[in-house]
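A.B. asks: Taking this note's numbering, I'd label the letters of the sequence shown as residues 4 to 213.
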Amino acid sequence: MNKLKIAFLLVAAVIVGQAFTACRHTKTYAERKKDEREAINRFIDKNNITVISEEDYCAHDTMTDVLKNEFVLFKESGIYMQVINRGGKEYLKDGRHEIIFRFNMSRIYENGTDSLWNTNLQGTPDPDVMTVTKSGTTYSGTFSRGELMNAWGESAVPTGLLSPFKYLKVGRLMGERGKVRLIVPHSESFMQIKRYVYPCYFEITYQLGR
Numbered sequence: 004m005n006k007l008k009i010a011f012l013l014v015a016a017v018i019v020g021q022a023f024t025a026c027r028h029t030k031t032y033a034e035r036k037k038d039e040r041e042a043i044n045r046f047i048d049k050n051n052i053t054v055i056s057e058e059d060y061c062a063h064d065t066m067t068d069v070l071k072n073e074f075v076l077f078k079e080s081g082i083y084m085q086v087i088n089r090g091g092k093e094y095l096k097d098g099r100h101e102i103i104f105r106f107n108m109s110r111i112y113e114n115g116t117d118s119l120w121n122t123n124l125q126g127t128p129d130p131d132v133m134t135v136t137k138s139g140t141t142y143s144g145t146f147s148r149g150e151l152m153n154a155w156g157e158s159a160v161p162t163g164l165l166s167p168f169k170y171l172k173v174g175r176l177m178g179e180r181g182k183v184r185l186i187v188p189h190s191e192s193f194m195q196i197k198r199y200v201y202p203c204y205f206e207i208t209y210q211l212g213r
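#1: When the Cα of Ala154 is compared with those of Ile196, Lys92, Glu57 and Leu76, which residue comes out closest?
#2: With a threshold of 16 other CB atoms inside 10 Å of the CB of Ala25, please say whether the residue is buried or exposed.
#3: From the DSSP output, which residues share a beta bridge with Val187?
#4: What are the boundary residues of the beta strand (DSSP E) that Lys71 is part of?
#5: Who are Ala159's beta bridge partners in DSSP?
#6: Any idea if Gly115 is buried or exposed, counting beta-carbon neighbours within 10 angstroms, 16 or more meaning buried?
#7: Just reading off the alpha helix (DSSP H) that Phe46 is part of, what are its end residues?
#8: Can you say whether Glu93 is buried or exposed, counting buried as having 16 or more other CB atoms within 10 angstroms of its CB?
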């Protein structure tokens with residue numbers, strides 16, 4: 004196990020432990036959800052994020068203005084997304100697709116963020132890999148290898164990390180990689196995060212594999 008992986012596991016363990024200690028005796032689930040909502044709002048204010056509606060997002064050809072730091076809010080899921088690069092020429096077709104997945108991940112908490120994992124988004128030597136299955140408007144995925152699967156002990160790709168595929172045209176070449184920033188609430192994240200109720204911030208590139 005490499006040093007980066009060990010560091011990630013230690014940070015994850017500390018965060019889970021802190022969350023458990025702080026919440027198991029004093030916070031109800033409703034209270035933790037309220038804390039999460041407030042943490043997201045503070046993160047948005049601190050980072051001067053402009054939130055736009057799904058209607059505005061669709062009216063602008065499902066693109067966000069990065070210069071204005073726009074994020075679209077999907078009300079049903081509570082996910083916020085900024086599209087930095089839509090990707091290549093076409094959307095994923097129905098079927099199974101190998102996706103190379105590079106990411107930075109942070110926990111959003113009351114007074115800022117904790118960096119959980121940082122990777123070179125352009126050229127990670129050993130990136131995570133997932134298999135994404137598209138059927139109509141439904142997407143599902145499993146990790147086949149990588150740090151997220153190893154760290155969280157889960158092979159299923161959380162819905163929050165699958166949600167951008169509806170709007171990206173992921174290709175194989177450097178300029179065809181889809182790139183997004185996401186604010187993901189616990190309900191759309193990994194099972195451990197769902198258990199302890201905190202939001203995460205991701206910067207992600209998706210690249211079509213074989």
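Heads up, the beta-carbon is just placed ideally off N, CA and C, and yes, glycines get one too.
C.D. replies: For this structure:
#1: Ile196
#2: Only weak support exists for where Ala25 lies, its pLDDT of 49 falling under 50; the value from the coordinates is given anyway. Exposed.
#3: Cys203
#4: First-last for Lys71: undefined, no H or E at that position.
#5: Thr145
#6: exposed
#7: Tyr32 to Lys49
#8: exposed
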